[in-house]
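One structure is given below, encoded as structure tokens.
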Amino acid sequence: MRRIRRNKTFRFSDDLFTDKTAMTSLPPATIKRRLAALMYELLLTGAVTAIAAILAGIAAIFLNPVSQLLSSLATCVILVGSWWLYFKTNWTKTGRTLAMQTWKIGLHGRNGTLPPLSQLRIRFIWACIFVVFIPLLAYAGLRHLLAIPPVPAFGAALIWLILPWGFALLNPDRQFLYDFLAGTRLVDLKQETSES
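Using this note's numbering, read the sequence shown as starting at 28 and increasing by one per residue.
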């Protein structure tokens, strides 16, 4: 019988919210700057969405007579695909979007380097789940299942945004929930730019 050799140095983290593998020397970006960059990012993503909505509208015109379900699916794929294209293009080139450049915030992996594409994809998926899909599902549930009027349902659905961003208050590294789950970090690049 063959014995399995176990790695003696492997240990589980004592604390769910700490990341023992973080090797980067750059400090995390402050929550205030990350939220400011996030607000700027919403404007940029809104512009990307507006352009993608034109393409989605054209696709819907042609697909709606065939199938409304196919038309809705194509619209969702075009919108999410355009968001992914925007973020992937920026993250793979420089490791930051225009909003992140403005606020001197960089996206790093746990080892302090630019994350690989697979890790960026995971970050994007988690961010979409927490920032888009859960609030949309909450809104739909409040509107259709509980018959709550639109404005209060919208406000209640936005409460779900506390989950990914409020997590940063509990995490010692001050990372958002989707960064924690994807193994990425938003780091402060102010020191790096002042040294160069």
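The C-beta atom is built at its ideal place from N, Cα and C for all residues, glycine as well. This structure is a prediction, so every number in the text was calculated from the model and none was measured.
Contact under 8 Å by Cβ, residue i with residue j
i	j	result
residue 214	residue 136	no
residue 109	residue 75	yes
residue 63	residue 118	no
residue 124	residue 71	yes
Status (buried if at least 16 other CB within 10 Å, exposed otherwise) for residue i
i	result
residue 199	exposed
residue 167	exposed
residue 216	buried
residue 160	exposed
residue 194	buried
Among the options, nearest to residue i - alpha-carbon criterion
i	options	result
residue 196	61, 52, 217	61
residue 210	140, 167, 104	140
residue 153	172, 203, 165, 218	203
residue 115	160, 145, 205	145
residue 104	155, 179, 189, 182	155
residue 113	89, 142, 170, 151	151
residue 107	191, 184, 181, 80	80
Expected contact under 8 Å - CB spacing of residue i and residue j to nearest Å
i	j	result
residue 102	residue 77	That belief does not hold up - the Cβ atoms of residue 102 and residue 77 are roughly 14 Å apart, past 8 Å.
residue 183	residue 170	With 8 Å as the limit, residue 183 and residue 170 do not qualify as a contact, their Cβ atoms being about 10 Å apart.
Sequence-distant residues of the same chain with beta carbon closer than 8 Å to residue i, five excluded per side
i	result
residue 59	none
Own chain residues within Cβ distance below 6 Å of residue i, not counting five before or after
i	result
residue 127	64
residue 148	none
residue 165	184, 187
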